[in-house]
Each structure stands twice: as C-alpha cells, then as structure tokens.
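Residue numbers (my numbering), protein chains in the order written: chain A, 937 to 1100; chain B, 295 to 1156.
Every residue gets a Cβ at the ideal spot worked out from N, C-alpha and C, and that includes glycine.
Bear in mind that the values here come from a model prediction, so they are computed numbers and not experimental data.
Everything on this sheet refers to the single structure shown next.
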Amino acid sequence: MGIINGLLTTIKYALQSPVTIQYPEEERVVRERYKGKHVLRRYDNGLERCIGCSLCAAACPADAIWVEAAENTDDERYSPGERYAKTYEINMLRCIFCGYCEDACPTEAIVLEHEYQLSFTDRRDAIYTKDMLIVPVPEGGLPTPQKVEPGTFDRAIPDMEDPK
Amino acid sequence: MSEVTIYIDGQEYRVPANTNLVDVAKFYADNDIPVFCYHPKMAPVGMCRMCLVKMGSVEKNRETGEVVTDENGNPKIRWFPKLQTACTQTVYDGLAIITNSEEVQVARDDIIEFILTSHPLDCPICDKGGECPLQNLTMRHGPGQSVFYYEDKMHLDKHVPLGELIYLDRERCIQCARCTRFCDELVGDDVLAFHERGRRLQIVTISDPPFDTKFSGNTTDICPVGALTTADFRFGARPWELKEVPSLDPYGPEGANISLSTRLDRDAGGRIVIKRVMPRQNEYVNEIWISDKTRFGHHHTRSDERLTKPLIRQNGQLAEASWEEAYQVITDRLRAAKSLGVIAGPNQSNEDLWELKQLASHVENHHLGVFPATMSGGDIVNTVGVGVGTNFLDLKKGDVIVVVASDLEEEAPIWYLRTKVARDRGVKLVLLNARPTKLSKYAKYNLTYAYGDAVSAINSLISAVIGAGKINDEILSRVDGYDELAKSVKKPAYTNFTEAAEAIGDAQNMIVLAGSEGLTLAQQRELMQACANLLIVTGHVGRPNNGLIPVWHGANIQGAYDLGFTAEATEAIYQESLDVVLVAGCNPVGEVVEAEALQNANFVVVTSLFETETTAIADVVLPRQSFAERDGTFTSGERRVQRFYTAQGVIGESLPDWRIFAEIHYRLGGPKPKLSAGAVMAEINKAVPSYAEMRYKKLAEMPRQFPDVGGEDLYYGGTAYQNRGGIGQQTPTVAEDPEARLSVRPVEAMTPKFDGLVVIPTTLLYDRGVLFRRSTLMHQRIPAPHIVINPEDAEAQGITDGDTVAIVVEGHRYEVQVKIDKTLPRGAVLMPRRLSNRPDPSVPTVLESIEKIVQPVPVTEG
Chain A
937 MGIINGLLTT IKYALQSPVT IQYPEEERVV RERYKGKHVL RRYDNGLERC
987 IGCSLCAAAC PADAIWVEAA ENTDDERYSP GERYAKTYEI NMLRCIFCGY
1037 CEDACPTEAI VLEHEYQLSF TDRRDAIYTK DMLIVPVPEG GLPTPQKVEP
1087 GTFDRAIPDM EDPK
Chain B
295 MSEVTIYIDG QEYRVPANTN LVDVAKFYAD NDIPVFCYHP KMAPVGMCRM
345 CLVKMGSVEK NRETGEVVTD ENGNPKIRWF PKLQTACTQT VYDGLAIITN
395 SEEVQVARDD IIEFILTSHP LDCPICDKGG ECPLQNLTMR HGPGQSVFYY
445 EDKMHLDKHV PLGELIYLDR ERCIQCARCT RFCDELVGDD VLAFHERGRR
495 LQIVTISDPP FDTKFSGNTT DICPVGALTT ADFRFGARPW ELKEVPSLDP
545 YGPEGANISL STRLDRDAGG RIVIKRVMPR QNEYVNEIWI SDKTRFGHHH
595 TRSDERLTKP LIRQNGQLAE ASWEEAYQVI TDRLRAAKSL GVIAGPNQSN
645 EDLWELKQLA SHVENHHLGV FPATMSGGDI VNTVGVGVGT NFLDLKKGDV
695 IVVVASDLEE EAPIWYLRTK VARDRGVKLV LLNARPTKLS KYAKYNLTYA
745 YGDAVSAINS LISAVIGAGK INDEILSRVD GYDELAKSVK KPAYTNFTEA
795 AEAIGDAQNM IVLAGSEGLT LAQQRELMQA CANLLIVTGH VGRPNNGLIP
845 VWHGANIQGA YDLGFTAEAT EAIYQESLDV VLVAGCNPVG EVVEAEALQN
895 ANFVVVTSLF ETETTAIADV VLPRQSFAER DGTFTSGERR VQRFYTAQGV
945 IGESLPDWRI FAEIHYRLGG PKPKLSAGAV MAEINKAVPS YAEMRYKKLA
995 EMPRQFPDVG GEDLYYGGTA YQNRGGIGQQ TPTVAEDPEA RLSVRPVEAM
1045 TPKFDGLVVI PTTLLYDRGV LFRRSTLMHQ RIPAPHIVIN PEDAEAQGIT
1095 DGDTVAIVVE GHRYEVQVKI DKTLPRGAVL MPRRLSNRPD PSVPTVLESI
1145 EKIVQPVPVT EG
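Rendered as structure tokens:
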C-alpha cells in the first residue's frame, strides 16, 4: 500500500502546473512591497528629491551608502533648497536591502524598487553611482541642473502638512 | 578661593564662591541646566528663559545666623514664589535650586515650544544638525506635535552672506544674541547688531567691509542653532561623519589648540582630508577661541601644488629623483662641507629642530638660525618668562598687562582677545608703541615713543618706577647689577610715565608682551633685556601670571631658541658666504631682501611644502609634510609645549622634517633614525634640562577644565570641541628657582638717526605667505601691497590716499598703494610684510625715493 500512496503523490504533483519559472526567459512579478534596487526619485518638474542630507548613510546598518553634498544656486539647481547630493553611491554588495534608508529619508527621495537583477563581475562595479540610481526626468520636467527664478525653490523639505 | 554651600535637588555641594550657577551645577553636580543665550565666556543676559529653575534660600535665624532646620534635621528652605533664570544667578551660601520638579519641566517644555514657533526645522540640510543645542533640547523637551499652522511661521531669508566667510540663515536664528555679544563685548569689534523687533528681529552686519573682525568664525561655534555657518565648511559633511584630531595652530605664537575635523573625500581621491578646523578647549591658551587665520588657513595641507617627490638640480634644472638619490647627493656634499648654515622655519616642530641640530653638528663650522629673524631673546624668556601655571584668566582687577612694540591684533590675535577681555575685568593695560593700534582704545595708559626708541621708553618706565619708590625690595637681595641699572636710567627720555609706573608698582601681577615693530634685531634684543629689567626690579618674575611673553612671528620660535637656534645666527648666515646652506620649511629668499645672499652659497638644500623663491635657488629640494600629516610638538610664546597629532594621509613621498634630517645624519655616520616623533622627544627629554619633563604622555594629560565646554552636551558652550589631546606643559623659568640669582643690566637705546622717511616693516595677520595664500577663500581679506603714511608726509611727497607709487628701499623697487593714516607719527612709512611677491625689507630702512605712477598694482594670487 505504501508504495501506491507514494506513486499517487508523484502523479498528483506531475499533473499540477510547476512552481518554478523559466528564468531568465521568464521573469517573476514581485510583490508590491518587495525591496529591490534603490532609485533616487525626482519631483514632477525634474528636480531631484535628494537633498544630500546623508541621513540614509547614517541609518544604513551595512555602511553601504556614501553621500557628499554641495550647494545649489539658482543658476545651477539640482534640488529644492540649498543642498544637493554631489556624490551618491550605494555599494550593492554591502547593501542588505533592509529599507532603513527609505525610512530615514526626509524627502522620500530614496525608494527600494522592484529591480532585483543585480550582478557584477568586478567588485568595483557593485558601487552604483548617482547616475545609475536616479530615475529618468519625468515627462514635462527638465533635467538637472536647472536654471530657475531666484526664490522659487528655497526650501529643501516640502511644506509640512498642517496639523489635524 | 573661598567656598560656599549650595543645594541642588536636595543634594549639598561645596562650590567656589562668585561663580555662575549654571557652570557650577554642570561641573560639580553633573546637572545640565539647559541654556541658549547663556555662554560661560560671556556675561549672562537671561533672554531665552531656557534655564528656569525653582530657586530658594536656606532660612537662617536672624539673631544667631544659624541655619534653621526642619524636624528631620534638614535645612529649611524659603522658596521664591516664581521660577528664576539660573544663568543670571551667582552662587551664594545657602542657595538652593530644584531642577527636576514637574513645574520646572513644564516651564522648559513651554520655552522650547515657544522657540520653535518660527524655527524652520530643516535639520536634514542644516550644518548644525547632529551637534545642535536646539535639536538636542527639542529631543528632550520638545512637543511631539506642532500646534501651529505652518503658514503662521515667520519665513525669512535663508541665505544671507555676512561677509564672504560667514553665511546667515535668518529663519533658524533664535535671537540669543551670542554672536552679537561675542563680537561686541568680548572682541570689541562692533560689527553685528539686531535689526527690527519681535518675531521680525534679525541679525545684520553693520561694518564695512561686512563682518569685519578677525574672530568671525567663532560665532558659528557658539551659535546654538545653524543660523551661522562658514563658507569654508558649508555642507562639507555631517558632524557625525567627522573624526576629530587634536592639533595646533601652525601660524601663531599663542599655540592655539585646534581640532581638525577629518573625513574621506571623493574630490581628494578618496583620501582623508581636513573638512574644517574647530577650536579645542584649553583654558590656559586659547580658551575656546581661534582666529580666522587659524580656522580658514588649513588649505595648504591638501593643495595640488604640494611637492610630492625630492628634486635634484641637474644641468640647471630641478628634476624629480628618489629619496636615496637625494640623500646620496646631500651626504656626499656635506662630507666635504667647510661650513654649514641652517635656517629653521617658524613651524618646525621641536623634534625637527632637534634632529636638524644633530645633523648640523656633523659640520664643525655651523650656524643654527631661525626664520623669520625678527625677534631675539629666547634665553631671556627662559629666565624671566611667565611662570608655570600662567593664565590670562587669572589676572584680576589692579593687575597690569604691558604691551610694547607690537600690534597684538595682527601679530597674535588670541593674546589680543585675552588681553582685551582681561582689561574688561579691570586689568590695567599699559601700551607702549610708536603708533596707535587697535588695542590703544582699551589701554589705561597709552605711552608713545618715537620709532626705534622702545628701549628708552622701558628705561623711562623703570626710572619712573624707581622715582615712585615702587621697587620691590624683597627681590633685590637676589638681583645683581641693580645699582648700575638705577644709575643708567637716571635721565629718562620720557618723563610722563609716572602714573603707569605707579600702576605697575602696585600691581600684584604683571605680564609684559614684547614685540619687535620698528626695531632692528639688536635693538629688539635690548628691548627684551629692558623688559626683563622692568619685571625683575618690580618683582614680577618667578610666579604664575608674571613675566615676559615674546610676540614671536611663528608657531615654534620659542622651541627653536630652547634648542639652540637664534635669529642672530640667521643674520650671520646672510652675511657670511657659507659653503652649504640648509633651509628647513621656510622661504627666506622670497620674504626678506637680506636672504638674497643665500644665492652665493655653493650648495643649498631646502625642505618645503611648495615651490618657492627659495627652492628656485636650491640644489636639492625635499618634500616635507605639513602639520596635518604628522605628529610633533610646538612650544608657544608662553613656553607651553603642546602636542599635535596625525590627521590626514601622506601626500606623495613627503616625509616629516625630523625623519629627513635623521636619515641624512644616519648616512653621515649618525645613529639610526628613530621610529617616531615620540622617540625623538624622549631624546630631547634626556638632553635638554628644561624639557626633561616634557614627555609625550605628560603633554597629553587632560585634567578636567572649568567651565566644562563641549563634549556630550554640546548645547552649553557651542560646538567648540572637547580637548582630548592634552593641555601641554610649560617649561620652567630660571626665576622660579628661589635660589637662582637674577641679573639686570643697563641697556642702551641705540636709536638710529635717519634722515627723511623711514620704512617700518610691520606684520599683518593676513598675508601672502607660502602657506596662507593657498586658502583662496581668504584672498579678499588680504590687502594689496601698500604703505601707510602720515597725511602731512604724503602731502610733502605730493601723493594722496589710493595712489599707486613706486618706492625704492635698499635698492629694491616696489609698486605699492598709498594709505593715509593721520594717527601715524611723521617720518614713518609702514610697509606690511609678505603682501607682494617680492622680498621685503626686514628692518627699518631709509626710504630712498617715492614716485607716483599710474598703472594699478599687480596683485599676485596663488
């Protein structure tokens, strides 16, 4: 009897559709809250959300993020306010995809998106620079740096919501 | 110091009388009363109300004066009906405070909420974020939620330059007035002020040029929020990313303690670089202040123009070579050297100087010179210098500070600041100079003499002291030569010094700061002796807070004198045609005309950070390390030996000077080079008696300092950094040994007679010296090459303010601008050093000709 039960199980699974997929021809759709490769987001007008505050680097338990800041001018504006990230690097070999950087970010600039296909043949290639992380300029927006009217973007952090 | 009993939260403490309650609570009870406007170095104003505490007095029986106790035997306290500000309270016997009651907590919470009503809370981009008193106190006392609508906040300018060095964010300002009070009350430069009132109140600069003070950077440290930031550091790093390395000011004789904030930098190839310079608390030296030169003058440490490899002259051209090749060339030449001249630069450390001296001893006929050779008398300083334990802060009402022949603000800004603050406490300031300086308006006695006549002025002062009967008879028993001195000053050149002499005679403590303005080297040495005479006969030697402080033009000239280097030897090197000359870390050829003679030397070796006029005549150039890449010790003008530590990585193949000299000496048959600067110092400890106790471990000792500034609770004194590198140690003076004989001797004025106008070289804080000119941020503050002249003399020469003239001094032609100053005595033409790219006259010299030209002055940059 035992051998028949075993065979039945085998036949049952043989007739079910497989749980594996034919990667890389086929790619699995991840869950909404999946934490993959980071992106640096932009505002609708193309300005970078990142203000170079380095709080993500401070929060990072793996010490994977390196930020160097510089000062915006109205002639060369990367982000609202006075400060922007001149250098922004994430070492993907160090990153543990915990998402603490997302939590720390005061402007919601850094988000762990769904891209998970990260591979490198050199350790140096694992360091993703700002160009590799930042999202393309949205439609209707302008690339950075932008030349803007003085006094239009003098606040780094979006106005807080009024208290309820 | 008398002590009183106070009660903090029911605990009894014995504390010094007449001290501030906030300071005392922090130091003795470890109770951090929060403050914003109060600063331990400034008079309290009680503006921010953050320090509210419940206060009361111990009840005493009015007849017997005994403390009334309750049934448990504890003293009965009569509480004041309302909360009081702790910062405006001086401790007295029986004072009691409560800091942990709910009433006090609620009051503090409310004050924080009030202060936050208009604060933008942009901590993520604020340079102060992470070391911000307001941020820290908001975390402790702040409400979780704002009850204000965002639109109700005041929105003011966020990017207001107060001059080119400091930026103001008006929104962040909480109106504590620390910056305005620092400039106005402490420094005495009335450059910042409040504008408008209430919520619109703003800081403005009211000087031209804006924020015109040499201490502006200190306001960013004491600012309890991020309202003031420096142009140098703005957004350079977050505070928690910085590593603090204790170091020393490489420019001035005061030995200001600094902290180098370092971090990795992509722009510097991922290496560690200095991001900013912060003061480090040393109550004996600079308290928590540094000048802007110290703060912003660090860029030479990572300049791209730094020398990275040894250079050897081949076929008339300097070509890169290896260290071995360079050592080979030098040792070959030194073996055959008939005579050797050594010129040690102003920031050669004691270890460098020691190894340099060992190396020089290999050549029998050698001279040990120091640069700049403006001042002499290091040996006199070792006899009558300020006593061990001297602190300007200990000078009290009735004590005297004498400043002679020095523009202290330009030559030693920290001593200027401390002298000015001491004067505010009631210290009498006696100023002897040929012209008014910035210190003049604070002096109780402004004694003017003719240029070059400083010695007669001091002699006249001694004469007046004798005349007033204020000679210290006690000390005369151990003084030799008093009678000759008394005889020599019988006929004083100046007769109106009596009042100042009486003040000096009556003073319990006296410090003399002696400079060199308008004096030749020989005259300057005589001035030092004259000052020593004055100090000895009035009994102001051999004790703390008494004695002589030389206003050296460099960070370690005192150390050079202690180890046997002299300015006289430098003059000899210029005058004698020497076979080999070794110039260590300075640029004499580019700075003084006399050094042109170095071209006549057969072989010149130079250690340098940069290519200079001196390296241009060198046969071998060796790349040295700056103060930031190595460790060592400097000896300040107060003879305080202090350590500085390695902050950043090596540039190129550069080596510390001591190592270079030791390697050369080794190849000449000397001992094996030591492995560390500490090991070199251990050798100095053994060989130099006054340095016997200056062991590295001892220099790094760090006693607790009052008031407690910096550290974990940054909100108290601002971001001046906690001292972790040690406060150093003063070398003893001869006068401190009660058995030692002291000798005075008559000194002659030797005032030269000049016909016509005389060019007087002066020293400015901001100049185009080899190191300082790499800080491009400061270029706007460096004046163009100029002369200062009296209006009548100018009129006689047919020139006016702003003219460009060509002057000829000692056969050298300079094109300079003219500045008219009516306070300047007639006949004197001031010519500040190191402003042009040409060597300057180093001693007072006759102005040969002056002629108006039209074309503008070329200003050399870089």
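- Where residue 351 of chain B is concerned, the enclosing beta strand (DSSP E) starts and stops at 346-352.
- As a beta-bridge residue in DSSP terms, residue 1005 of chain A pairs with A:1021.
- Judged by beta-carbon spacing, residue 1093 of chain B lies beyond the 7 Å limit of residue 1064 of chain B, meaning their Cβ atoms are not closer than that value.
- With a beta-carbon spacing of about 15 Å, residue 927 of chain B and residue 919 of chain B fall beyond the 8 Å limit used to define contacts.
- Annotation for residue 1036 of chain A: the continuous alpha helix (DSSP H) segment containing it runs 1036-1040.
- Counting along the chain, residue 808 of chain B sits inside the beta strand (DSSP E) bounded by residues 804-808.
- Going by DSSP, residue 572 of chain B is part of the beta strand (DSSP E) stretching over 565-573.
- In this structure the region 1078-1097 of chain B does not lie against the region 589-607 of chain B, because fewer than three pairs of beta carbons, one per stretch, are closer than 8 Å.
- Residue state for residue 846 of chain B is assigned as coil, using DSSP reduced to three classes.
- Residue 1082 of chain A has its alpha-carbon roughly 15 Å from the corresponding atom of residue 1075 of chain A.
- Flagged as an interface residue toward chain A: residue 529 of chain B, by a C-beta distance shorter than 7 Å.
- At least 7 Å separates the CB of residue 1081 of chain A from every CB of chain B.
- The beta strand (DSSP E) runs lying completely inside the region 575-650 of chain B and spanning 3 residues or more are 605-608, 611-614, 634-638, given in chain order.
- For residue 326 of chain B and residue 319 of chain B, the gap between their C-alpha atoms comes out near 7 Å.
- No Cβ of chain A is located within less than 7 Å of the beta carbon of residue 392 of chain B.
- Runs of the alpha helix (DSSP H) spanning 4 or more residues and lying entirely within the region 701-747 of chain B occur at 702-705, 707-718, in chain order.
- Within chain B, the residues placing a beta-carbon under 7 Å from that of residue 1005 of chain A are 529, ordered along the chain.
- The Cβ atoms of residue 1138 of chain B and residue 692 of chain B lie no closer than 7 Å to each other.
- Each of A:993, A:954, A:1033, A:980 was checked against the Cα of residue 1005 of chain A, and the nearest Cα belongs to A:993.
- Residue 976 of chain A is outside the set of residues whose beta carbon lies under 7 Å from a beta carbon in chain B.
- Looking at the DSSP output, residue 984 of chain A bridges to A:978.
- Note that the C-beta distance between residue 891 of chain B and residue 882 of chain B is not below 7 Å.
- For residue 462 of chain B, the enclosing beta strand (DSSP E) starts and ends at 460-462.
- The three-state reading of DSSP puts residue 533 of chain B in helix, counting H, G and I together.
- DSSP places residue 830 of chain B within a helical segment (H, G or I) once states are collapsed to three.
- Between residue 989 of chain A and residue 1019 of chain A the beta-carbon gap is near 7 Å, inside 8 Å, which marks them as a contact.
- Rounded to whole angstroms, the Cβ separation of residue 1021 of chain A and residue 986 of chain A is 5 Å, and the two are in contact under 8 Å.
- Distance check between residue 1075 of chain B and each of B:399, B:315, B:351, B:509 places B:509 closest, using alpha-carbon atoms only.
- In the three-state reduction of the DSSP assignment, residue 999 of chain B falls in the coil class.
- For residue 1113 of chain B, the enclosing beta strand (DSSP E) has its first and last residue at 1106-1114.
- Boundaries cannot be given for residue 413 of chain B, as no alpha helix (DSSP H) includes it and DSSP labels it neither H nor E.
- Measuring C-alpha to C-alpha distances from residue 790 of chain B to each of B:802, B:777, B:810, B:762 identifies B:762 as the nearest.
- A contact between stretches requires three or more CB pairs, one per stretch, nearer than 8 Å, and the region 694-711 of chain B meets this requirement with the region 795-811 of chain B.
- With respect to the 7 Å criterion, residue 572 of chain B and residue 553 of chain B are classified as neighbours on the basis of their beta carbons.
- Of the residues A:1016, A:999, A:944, A:1039, the one whose Cα lies closest to the Cα of residue 1025 of chain A is A:999.
- For residue 527 of chain B, the secondary structure class from DSSP, reduced to helix, strand or coil, is coil.
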